[in-house]
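What follows is a short report on a single structure.
Protein chains in written order, with the working numbering: chain A, 240 to 440; chain B, 240 to 440.
Structure representation (structure tokens):
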């Protein structure tokens, strides 16, 4: 596919550099953009530059915010003694949308993944340890993905935290709500048997 | 899903305005962009503005180009007496990639679609008629999508062209190469029966 304009080709390449967008999709999107007015395209393009220029990482938790301290960390109604450790901002949004967590967060900015060259020093870990050392923290909740990388990161964090006076918990694992039992994988099923709970009405 | 930064929310909305990109995908892409350097994001954003500023519609065929006349129309080795009528630039790319067409193109910029409010006057049709009247054109090939809108457009163009001395042809329709016959739809199958061809080895 030889695109007859180098400017369009350039725009296609830029869009196709985003994960999950191929060249064919990018071309479709670029041609759709080309139909818009110059002002609309300027708004489109500037939104990315402004985002980069004006968003900050919250100095306290690493969440993305427009201010030095994010709206969750600066909210006095939240429980600042409970910290939920997550991989990135999308996990914060997912947990926030459950409306069942009132503590604060700590965003690692990734998980330990030797395959991708991500080690502990690449993550926002030291500030978490500092917080536990200097502030009055009751509980640290590990809310990383239930993958090998997530478990590795959990284990690394646990080693760092276990000598401090803090309760370390992790999200429960078990069969998902709404799935049929026969389709649950064996590891999940055996774990949910071992970690069975008292029936509550 | 309440995004904690209005700049990120704005960027997400801009990306989600593209067809086929939902808010969740847009957020994933925006967070990936946010990890890039300021220069990279500037390159990304500028590519769209430059594309809008520098690309032109070929004065002859309506194809998108960096010059007044596109590289196909200005190529003396192509057959300028055969014009292939297509809906948009992607169709030009698709036909060019077959490497089996040596004529030139005429890009309509859409097809007649009353449901979407697109009428004949919104399309690049008059220049095609002018070309047929003023130049030495042998054949017009209709290469529009085999949909109701495509057929409507074909019929409209045919009415405009039938009093001129030009052969009007259309792409053959029939069973696709590589598909199993049992999965072909009835209309396609019955048409490919009616329009059967002498067997050639």
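We put the beta carbon where it would ideally sit given N, CA and C, even for glycine. Being a predicted model, the structure only gives us computed values, none of them experimental.
Residue i in three-state terms, based on DSSP
{"i": "residue 438 of chain A", "result": "coil"}
{"i": "residue 350 of chain B", "result": "coil"}
{"i": "residue 407 of chain A", "result": "strand"}
{"i": "residue 304 of chain B", "result": "strand"}
{"i": "residue 416 of chain B", "result": "coil"}
{"i": "residue 361 of chain A", "result": "helix"}
{"i": "residue 318 of chain A", "result": "strand"}
{"i": "residue 401 of chain A", "result": "coil"}
{"i": "residue 423 of chain B", "result": "coil"}
{"i": "residue 245 of chain A", "result": "helix"}
{"i": "residue 374 of chain A", "result": "coil"}
{"i": "residue 263 of chain B", "result": "helix"}
{"i": "residue 386 of chain A", "result": "coil"}
{"i": "residue 432 of chain A", "result": "helix"}
{"i": "residue 337 of chain B", "result": "coil"}
{"i": "residue 280 of chain A", "result": "helix"}
{"i": "residue 257 of chain A", "result": "coil"}
{"i": "residue 275 of chain A", "result": "coil"}
Short Cβ contact (8 Å threshold) for residue i with residue j
{"i": "residue 277 of chain B", "j": "residue 291 of chain A", "result": "yes"}
{"i": "residue 411 of chain B", "j": "residue 439 of chain B", "result": "no"}
{"i": "residue 331 of chain B", "j": "residue 367 of chain B", "result": "no"}
{"i": "residue 270 of chain B", "j": "residue 327 of chain A", "result": "yes"}
{"i": "residue 182 of chain B", "j": "residue 287 of chain A", "result": "In the structure displayed, chain B extends from 240 to 440; residue 182 of chain B sits before or after that span and is not available."}
{"i": "residue 266 of chain A", "j": "residue 329 of chain B", "result": "yes"}
{"i": "residue 301 of chain A", "j": "residue 345 of chain A", "result": "yes"}
{"i": "residue 375 of chain A", "j": "residue 320 of chain A", "result": "yes"}
{"i": "residue 397 of chain A", "j": "residue 407 of chain A", "result": "yes"}
Bridge partners - residue i, DSSP secondary structure assignment
{"i": "residue 323 of chain A", "result": "A:344 and A:380"}
{"i": "residue 296 of chain A", "result": "A:303"}
Integer-rounded CB distance, given that residue j should sit under 8 Å from residue i
{"i": "residue 392 of chain A", "j": "residue 351 of chain A", "result": "4 Å"}
{"i": "residue 205 of chain A", "j": "residue 362 of chain A", "result": "Residue numbering for chain A in the displayed model covers 240 to 440; residue 205 of chain A lies beyond these limits and cannot be assessed."}
{"i": "residue 244 of chain B", "j": "residue 304 of chain A", "result": "6 Å"}
{"i": "residue 416 of chain A", "j": "residue 431 of chain A", "result": "Not confirmed; about 12 Å, so no contact."}
Closer than 8 Å to chain B by CB, residue i
{"i": "residue 383 of chain A", "result": "no"}
{"i": "residue 367 of chain A", "result": "no"}
{"i": "residue 294 of chain A", "result": "yes"}
{"i": "residue 330 of chain A", "result": "no"}
{"i": "residue 303 of chain A", "result": "yes"}
Proximity test, Cβ basis, 8 Å: residue i and chain A
{"i": "residue 309 of chain B", "result": "yes"}
{"i": "residue 285 of chain B", "result": "yes"}
{"i": "residue 359 of chain B", "result": "no"}
{"i": "residue 244 of chain B", "result": "yes"}
{"i": "residue 334 of chain B", "result": "no"}
{"i": "residue 258 of chain B", "result": "yes"}
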